[in-house]
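Each residue of the first sequence is one higher than the one before, starting from 0 at the first, in numbering that gives the first Met the number 0. Glycine residues also receive a C-beta, built at the ideal position from the N, C-alpha and C atoms. Notes follow the structure.
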Amino acid sequence: MSWSRRSRPRSETAAADDAGCTVVHVDMDAFYASVAIRDRPELRDAPVIVGGGHRGVVLSATYAARVYGVRSAMSMTRARRLCPQAVVIAPDFACLSAVSAAVMETFRSVTPIVEPLSMDEAFLDVSGSLRRFSSPTAIGEHLRARIADEQRITCSVGVASTPQLAKMASRQAKPDGLVVVPVTEVTAFLHPQGVEELWGVGEKTAAALHRLGLRTIADVAHTPVEVLQRAMGPRVGARLHALAWGDDDRRIVAKRGADEPEHSIGADETFGRDTDDPDVVLRELLRLSTKVAARMRAAHVSGRTITVRVRFSDFTTLTRSRTLGNFTAVTPEIYATAADLFTGLGLQRARIRLVGVRVEGLRDAVVATRQLRLDERPFGWEDAERAVDRAVHRFGRYAVRPATLLEPSVAPSGQSQAP
DNA sequence: TCTGGGGTCCTAGGACCC
DNA sequence: TCTGGGGTCCTAGGACCC
C-alpha cells in the first residue's frame, strides 16, 4: 500500500506526505455502542448491539458483535440470530446528543470550518489551521487524543485533499486509526477499490455498474463519461467519473447544529403490527402531524408542501404531496392535508406497515407569517398552538394532546404509553 | 416477526408562461 | 397557422446517507 495508515501511537510525528491535504474527516467508531458501554467496563469486550426492540434495526454494534456478522441497519431479528449472546441496549439519544455536541466543539477548537454530517462524523477544513499545527496529520492525531481523553471513545480520521477521499480514508482507518491519502497517491488509493466504496454508490448503483461490467473504481475511471451518463443519468454519471479520478468539487460548509433552517421536517412510524384500519392510520397521522408541527415551531419555520408516505406490508412505498397556497406550522392544517391525501388514495383493506408526514418548502417563520398576513388568514390556531408549546414545555409532552390521542391502546409499535 | 427514523438530492413528466 | 424552445413549479418516485 502506498498511502500511509497509522493507528494507536498518537505521538508519532507528522509525516511529510500530507502536503496539500487540507480536509480532515473524523468518524466516531461504533458511536452509539461506544457511548453505551463507556461507563460499563464489564461490557468492554462483549458483543453489544444498540438497537430498537420490536421490528427494529441495529443502530450500532461493537466490534465484538461484528465478528459474528452483525452490521448496522440489519434487522434486530437477524442480528439476534447471528449473535444470540449479544447484550442489546436501547439508544439514549439525550446522552448521545450531549457527547456529539462536545465532540463538535472539540473540532471547532481546531478550525471554524466544521461541517457535521451526522451525530458522529464531520468534515474539517484545516487549511487555515496550519500555522498553529504543524500538519493536517498532526491535527488528526491531536483530535484523536483529545476525544479519547475527554469522551473515552475512539474515532478514526481520514486526511486527504478532498472530502470524498478523506471520507474513504477514515473508513479504511477504522477502528481507532488514521489514514493519509497523499496527493500523489490518489489514483493508487482509489483505483483498486470496489465501486461500492465510492460515496454515493449504494446497492442499486453498484448493481447497475456491475451490469456494465464495472467492478473497481479503475473500471469506472476508464469508462467514457458518456457511457456512464447514459446508464446512470447525466449528473450521476458525470459525478461518478469525476470521483473515480479523485475530482470532487464538494466544498466544506461550516454548519452549526440547528442554525441553518432545514429543507424539510417529517416524522414517520412503523406500526407494531400492520393495520388495514383507516381509523388507526388517521389517528397516527394526527399524532405525527402534531409532532411535526411542534418541531417546526421550535425551529421557527413554516412550510407549504405536505407529503404523506405509506408503506405496505410488502415494503412497497408510495407518497402523495400537496402544495398549499400559504405557509403553515399548525397541526390542524397539516393534519387536514395529510388526512385528505391519505383518504384520497382510496385504499381498500390494504395492509399498512408505516405512515409518515413531512413538510417541505420551509421558510423562516417570520417571513412566512408576513405572507400569511397578506392573505388575511385568521390567526387563532397559531396562537393556540403556541400556548400548547408553552404548556408542553412546562408540564411535559403528555400535558396537552388532541382528544383522539387520549384514547387507550393507540400507542404505535406495540410500546406502552409513557406514564 | 427480516427490513427504523431522520434526512438530502436527483429524475422525469406535465402544466403553464413567455 | 404552425412550430419550437426555455424556464419554473408541482407531483411522484427512487437512490442514498447515517
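Using a Cβ-Cβ cutoff of less than 7 Å, which residues in the same chain neighbour residue 207 once the five nearest sequence positions on both sides are dropped?
230 and 231
Here's a check: name, in chain order, each residue in its chain whose Cβ is nearer than 7 Å to the Cβ of residue 311, leaving out the five neighbours to either side. 349, 350, 351 and 352
Beta-carbon gap between residue 63 and residue 91 smaller than 8 Å: no
Q. Under a three-way DSSP split, which group does residue 20 fall into?
A. coil
query: Smallest Cα separation from residue 402: which of 331, 51 and 42?
result: 331
What residue range does the alpha helix (DSSP H) around residue 95 cover?
92-107
**Q.** First and last residue of the uninterrupted beta strand (DSSP E) at residue 267
**A.** 263-274
inquiry  = Taking the beta carbon of residue 104 as the centre, do at least 16 other beta carbons fall within 10 Å, making it buried, or is it exposed?
reply    = exposed
* Between the C-alpha atoms of residue 118 and residue 142, what's the straight-line distance to the nearest angstrom? -> Across the structure, residue 118 and residue 142 are spaced so that their CA atoms are roughly 16 Å apart.
| query | Quick one: what's residue 305 bridged to in DSSP? | reply | 321 and 358
- request: Quick one: give me the first and last residue of the beta strand (DSSP E) that residue 124 is part of.
  value: Following the DSSP letters along the chain, one finds residue 124 inside the beta strand (DSSP E) bounded by residues 120-124.
> Where do the N-terminal and C-terminal ends of the beta strand (DSSP E) with residue 48 fall, by residue?
Replying inline: 47-50
For residue 60 and residue 268, the rounded distance between their alpha carbons: 23 Å
Do the region 194-207 and the region 46-56 touch if we need at least three Cβ pairs shorter than 8 Å?
no
Item to complete: Enumerate in chain order the residues of its own chain whose CB-to-CB distance from residue 196 is below 8 Å, with the five nearest sequence positions on each side excluded.
Response: Excluding sequence neighbours, residue 196 sits near 167, 170 and 216.
Please name the residue, chosen from 40, 35 and 115, that lies closest to residue 50 on a Cα-to-Cα basis.
35
Limits of the beta strand (DSSP E) - the one that residue 140 falls within: Here residue 140 belongs to no beta strand (DSSP E); instead the alpha helix (DSSP H) covers 135-150.
- Task: Would you kindly work out how many angstroms separate the C-alpha atoms of residue 362 and residue 111, rounded to a whole number?
- Result: 26 Å
Grouping DSSP H, G and I as helix and E and B as strand, with all else coil, what is residue 132?
coil
Notebook entry, point to check: Would you report the Cα separation of residue 347 and residue 116, rounded to the nearest angstrom?
Noted result: 41 Å
Q: Report the residue from 154, 79 and 177 whose alpha carbon sits nearest the alpha carbon of residue 164.
A: 177
Cβ-Cβ distance between residue 298 and residue 329 below 8 Å: With respect to the 8 Å criterion, residue 298 and residue 329 are not classified as neighbours on the basis of their beta carbons.
**Prompt:** Any idea what DSSP makes of residue 346, helix, strand or coil?
**Reply:** coil
Exposed or buried, what is residue 16 when buried is set at 16 or more other beta-carbons lying within 10 Å of its beta-carbon?
-> buried
Report task. Could you check how far apart the C-beta atoms of residue 21 and residue 135 are, in whole angstroms? I think they sit under 8 Å. Result -> 7 Å
* To do: Determine the contact status of residue 359 and residue 306, defining contact as a CB-CB distance below 8 Å.
  => yes
State the DSSP-derived secondary structure class of residue 111, mapped to helix, strand or coil. coil
Is the beta carbon of residue 175 sitting closer than 8 Å to the one on residue 155? yes
Would the beta-carbon of residue 214 fall within 8 Å of that of residue 194? yes
> If you compare alpha carbons, which of 325, 139 and 337 is closest to residue 318?
Replying inline: 337
Original post:
Taking all protein chains shown into account, do 16 or more other C-beta atoms lie within 10 angstroms of the C-beta of residue 10, making it buried, or fewer, making it exposed?
Top reply: Low confidence applies here, because residue 10 scores a pLDDT of 40, under 50, leaving its location unreliable and the question unanswered by this model.
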